[in-house]
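To keep things clear, I will list the structure first and then write my remarks on it.
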Amino acid sequence: MTLRGIRRDWRTGGLPVIALALSVAVCAVTSVGVFNERVRQAIQSRAAETLGADLVIQSHNAIPPEVAQKALSLGLEVSQQVEFPSMILTRAGTTRLVSVKAVDQHYPLRGSARTAQRPYGDGEVAGMIPGRGEIWAHSRLFSEVEIDVGATVQLGEQAFRAARALILEPDGFSSFFHMAAPRVMMRLSDLPTTGLITPSSRAHYRTQVAGTRQGLTSFSQWLDTYERAGLERRTVKDAQPSIRSALDRASSYLGLASLSVVIVAGAGIFIAALFYARRQSTTVAIMRCLGASQRRILQTFILRLVVVALVSSFVGGLLGYGGQAFLSSLAEEKLGSTLPPPAIWPLLSGIAVGLVAAVGFGLAPLLKLPKLSVLGILRGEKGVAPPSMWVTLGLVLLTSGGLIFWQAQETVLTLWVMGLTLCLVVSLAAGGWVMLWLVGRIRVSRPSHRYVISSLGRRLGMGSMQVLAFGLGIAALLMVTVMRADLLDGWMDTIPIGTPNRFLINIQPDQHKALQEFFVTEQISSPGLFPMTRGRWVRHNGVPVDPQAYPTLRAQRFAAREFNLTSSIDLPDSNRVVSGSWWRAGQLGDKLLSLETEFAESLGISIGDQMTFRISGVDLTGRVSSLRAVAWDSFQVNFFVIATPGLLDGQPRTLITSFFLSPEKSDTAARLVRQFPSVTLFDVDSLIDQVREIIQQVSVAVQYVFLFTLFAGIAVLIAAVQGSATERSRDAAVLRALGSSTRRLWLAQFCEFALLGGIAGLLAAACAVVMSSILAREVFGFVLSPGWSVWGLGCAGGALGIGLAGTAALRRVLQRAPLKNLVQN
Amino acid sequence: MEPIVTANNLSRQVKTADGELTILDEIELSVMPGDAVAITGPSGSGKSTLLGLLAGLEDPSRGSIRLLGHELSELNQDEKAALRAGNVGFVFQAFYLLNGLTAIENVEIALELAGRDHQREAAAELLERVGLAERMNHYPPQLSGGEQQRVALARAFAVNPRVLFADEPTGNLDTASSELVADLFFDLRLQYGSALLLVTHDSTLAARCDRILTLGAGGRLQS
Ligand SMILES: Nc1ncnc2c1ncn2[C@@H]1O[C@H](COP(=O)(O)OP(=O)(O)O)[C@@H](O)[C@H]1O
Ligand SMILES: [Mg+2]
């Protein structure tokens, strides 16, 4: 019954366009969803290299063997390690505090260590761990204790050969600020012979775990129930703020971009449903005459809508799978790496999105069907009444809000995007209305020109709907094409070539001048040296701090470790005050603090709180006067806590700096370390590369989303053209009978659509500029200065595109202007 | 003098589900300048089809049509349109005004298509003539059926057509407006001296023409 009904209605129009718009939307959502997930996993596993694993369990006590057994039984890979401070003794009798890391033969599970023949040499991938009786030591150790590679050193009761210089430790970066002692790596099986580990020694035990998503999830769940005191968990998410923030930005941008396809398609669905309802009015009148209840009629049409939605969403979802395969192969080619296999859940969620969109955007016009006046229809007066504005608005808002929330997973962001979308929709529709009204007022003497203008000016309601739909489409196109370039360039520019890729810490204040001279002679430009003072946080608003009292592990860790405090007069570049205010010139002598906002949040610190730090035995108290958002992926030196000079002046301090070292200057590093043996140099090239890679991936995917917005826009166009096709074809026939040439007919149609497109394009350009600026500031963290091309492209592209597409969509109507229908049976 | 329209051996068949259907069969017809010819017949006999063929709105299955000295089968769509512009007037049962244009603009656009720009005065004059001086700037949906048809009359005669094709011009109107429109129609035709091909099943209307042809069963034309 339903199927037969659908088949019949299919030909009268409306339903095919709903199906088209839905398939496009679902195809976009599914393919971007699948792709996003794959890229996310690929990048996470790259990022996992900085953790050496997917998940790390850490404890101050030996980790019970059942943890590793459980992981192994779930098919996960496991590696064990112990890290502890110790003294190293050379043949010459020099001693040095080192940080020893003993690893088993599975280390590392992700990424690989790099070692070299000589200190600071070009690292090669180490396929294994140090051999029996061997250690690898950080380059810096060789210069500090004046030994060469191959020398013998004593660790505890055992002698070791310092076999190679350790250039890169995959899981070492995250803790570099806190690692004052150089690293020494050895094999775990050698550890007992050293006699260094006793129950009282300060060791960190670690179990690294890696494997499939499912395995990791089950393992995490098991850990939740196992929960033994002192077991701390770390995942990629908390390992790398820079990668995490880049990845989050990428995901939200892509997700929201694919939603724009759904919303544009939604406009198409709405217009098509209007048309469908209008076409069904006679059927409904007859059904009513034959005694069908209003309820029955409503059920019939909703059921048809849902069935069409299900089928077309499924088709769209399958197409989306094909699409993402293509997309992924593009990405793989560009990145030269393979992506993990696709998951199935994006297909299901794509279909769900399709159903929601169909009902949310298509229901309102159908709701009036059962209420239509039978007499009116039979007298041939008017069709179904237009849907109630409030119902439409409510449904559309609910739907888009729901979809945005589902994509953003965050209330604040949803409200933001919703508010923006609402502003966008209202300004496009209202702007379109006003412009069309103005166009309708233009005085022209030629009736054929008037015909074009009046076609626009007369159908203000439908016209502003079309401006809205085209405007959304064009704005989305502009956002992902012109603005994409601006956005991605701007984002790339936040880590331009020359972004600091080396960090230098432990610089003594008296080395300041010499180091600056070194930079000058080596032609290295550095953003400057920042003072750094270590302090332990002892009191919060006068109450002693108890790290164990914090609910999250992250907070416990923050509270327990030594803080790196800096003082600064000005707000650093990649920082933005989110609440409170930065200190003014007159406040520099006051005792004020500025905290990174997430950090403050996890520790429950708010503006106005007092924090007391113990710095070399002296307690200093400051008042929190501002919270900052930090762009961690800018790779600038950044601090959780910044103090006024008034608070920290006179305290013991070291200096920290970062600088860019081009690949061909690798000797510089060696010279630097030779001249300043006490400083510690860190290399963050691989991190920067990963963030750049994320941006690359996004740019590939976004081009693809662009295509979908185009298709959704075409669906809108077809829906709109279909709605006015009867009248247009009749007018064309009349004009032709009166002697109009084909060219003239085409031209009139083209002009009408071009005007509509031009108006939509102009408004869309304005929207795209505003939205991109907001996006740049809020999501990507930079100030966008859009070029002029967006306006020209919006207007001209809109006019030409909509003009041509509209004329093409009307091709059948015009070519077969049904002259013979003018004379009646 | 050359006839305005001639049809020779004109046939029109259409394919239907139950095979070929002959609507018109070997029609012979000639209309001289100034002639008024009525075509009558029962509903479904093919009157409108014949009118459409003669005006070049549709193509015949067989036979030839000469309109204003041109063999229609030798012209393409645009050439046929160009031939109609300024020479042929139409009045349809369903009026077919352009809803986006005011009454006067509907008249003007016919003039413009006939290559005569800026003829607002001529258009206004004709609208006055059909009694719509007050409604010139109204849009068709704001006019009654009779008024719309009078605008259509003004549009048809504005270009001073050599031939007028009318398909049931009063078919959609009530009796009173019907009479008004019919009177205006024949007055204007006399004044402009256009030839007329009028399709109607209304015998009083047909009687006002010089000649009456009847389409009978099998698509044959009888005098
Ligand atoms: N393209 C067509 N296909 C099928 N039948 C048609 C077609 N055109 C006209 N007819 C049929 O031809 C007959 C004559 O139509 P028409 O000329 O409109 O009659 P009239 O105007 O005399 O009432 C009708 O039965 C009509 O249904
Ligand atoms: Mg007829």
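Chains A and B, in that order, are what the protein sequence lines are. Counting along the first sequence from 1, when you hit position 475 you're at 475 in our numbering, and nothing is skipped either side. Convert by adding 825 to the 1-based position in the second sequence; the result is the number in our numbering. Beta carbons are placed, not taken as given, at the ideal position from N, Cα and C, and that holds for glycine. Please read all numbers here as calculations on a predicted model, not as lab measurements.
Exposure label - residue i; buried when at least 16 CB within 10 Å
i                         : result
tryptophan 632 of chain A : buried
histidine 178 of chain A  : At histidine 178 of chain A the pLDDT is 42, less than 50, meaning the model places this residue with poor confidence; the figure from the coordinates comes in the next sentence. The residue in question, histidine 178 of chain A, is exposed, as its Cβ has fewer than 16 Cβ neighbours within 10 Å.
methionine 479 of chain A : buried
aspartate 683 of chain A  : buried
arginine 4 of chain A     : exposed
serine 175 of chain A     : Residue placement at serine 175 of chain A cannot be trusted, given a pLDDT of 47 that sits under 50; what the coordinates show is reported in the next sentence. Answer is exposed; the Cβ neighbour count stays below 16.
asparagine 564 of chain A : buried
valine 578 of chain A     : exposed
tyrosine 226 of chain A   : exposed
isoleucine 442 of chain A : exposed
asparagine 36 of chain A  : buried
valine 839 of chain B     : exposed
glutamine 1016 of chain B : exposed
methionine 128 of chain A : exposed
serine 220 of chain A     : exposed
cysteine 1034 of chain B  : buried
serine 464 of chain A     : buried
serine 326 of chain A     : For the sequence presented, residue 326 of chain A should be read as phenylalanine rather than serine. Classification for phenylalanine 326 of chain A: exposed.
threonine 1029 of chain B : exposed
CB of residue i within 8 angstroms of CB of residue j, strictly
i                            : j                            : result
leucine 51 of chain A        : aspartate 171 of chain A     : yes
leucine 681 of chain A       : threonine 644 of chain A     : no
valine 100 of chain A        : glutamate 124 of chain A     : no
alanine 765 of chain A       : tryptophan 791 of chain A    : yes
proline 500 of chain A       : phenylalanine 660 of chain A : yes
isoleucine 607 of chain A    : leucine 627 of chain A       : yes
valine 315 of chain A        : serine 23 of chain A         : yes
asparagine 912 of chain B    : arginine 975 of chain B      : no
phenylalanine 518 of chain A : threonine 566 of chain A     : no
valine 34 of chain A         : tyrosine 321 of chain A      : yes
glycine 888 of chain B       : asparagine 834 of chain B    : yes
leucine 620 of chain A       : leucine 647 of chain A       : yes
From the options, residue whose alpha carbon lies closest to that of residue i
i                        : options                                   : result
alanine 560 of chain A   : A:Ile569, A:Trp537 and A:Thr566           : A:Trp537
glycine 471 of chain A   : A:Val359, A:Ala799, A:Arg4 and A:Ser112   : A:Ala799
alanine 949 of chain B   : B:Asn833, B:Arg980 and B:Thr1000          : B:Arg980
serine 73 of chain A     : A:Trp222, A:Gly156, A:Asn36 and A:Thr94   : A:Trp222
aspartate 731 of chain A : A:Trp746, A:Ile197, A:Val770 and A:Gly473 : A:Trp746
threonine 30 of chain A  : A:Leu310, A:Ile147 and A:Trp345           : A:Trp345
serine 281 of chain A    : A:Lys368, A:Leu784 and A:Asp248           : A:Lys368
alanine 1020 of chain B  : B:Thr1029, B:Phe1010 and B:His1026        : B:Phe1010
proline 130 of chain A   : A:Asp148, A:Ser143, A:Ser79 and A:Met185  : A:Met185
glycine 835 of chain A   : A:Gln610, A:Ser189 and A:Asp619           : Residue 835 of chain A cannot be examined here, being either before or after the span of chain A that is shown, 1 to 825.
alanine 203 of chain A   : A:Ala102, A:Ala285 and A:Ile167           : A:Ala102
arginine 446 of chain A  : B:Glu959, B:Asp942 and B:Gly996           : B:Asp942
valine 630 of chain A    : A:Gly622, A:Val624, A:Phe599 and A:Gln610 : A:Phe599
proline 16 of chain A    : A:Ile263, A:Thr212 and A:Phe275           : A:Phe275
In DSSP terms, what residue i is bridged to
i                         : result
glutamine 1047 of chain B : B:Thr1039
glutamate 778 of chain A  : The partner list for glutamate 778 of chain A (beta bridge, DSSP) is empty, contrary to what the question assumes.
tryptophan 537 of chain A : A:Phe613
methionine 186 of chain A : A:Ala102
valine 1024 of chain B    : B:Ile864 and B:Asp992
tyrosine 120 of chain A   : Answer is none; tyrosine 120 of chain A lacks a bridge partner.
histidine 138 of chain A  : A:Leu166
serine 625 of chain A     : Serine 625 of chain A pairs with nothing; no bridge assigned.
Whole-number beta carbon distance between residue j and residue i, since they are thought to touch under 8 angstroms
i                         : j                       : result
methionine 961 of chain B : alanine 928 of chain B  : 5 angstroms
leucine 109 of chain A    : glutamate 77 of chain A : 5 angstroms
alanine 126 of chain A    : serine 139 of chain A   : Actually they are not in contact, since the Cβ atoms of alanine 126 of chain A and serine 139 of chain A sit about 14 angstroms apart, beyond 8 angstroms.
alanine 429 of chain A    : alanine 25 of chain A   : With 8 angstroms as the limit, alanine 429 of chain A and alanine 25 of chain A do not qualify as a contact, their Cβ atoms being about 20 angstroms apart.
Neighbour list for residue i in chain E, Cβ cutoff strictly below 7 angstroms
i                      : result
proline 447 of chain A : Reference to chain E is not applicable here, since the protein chains of this structure are A and B.
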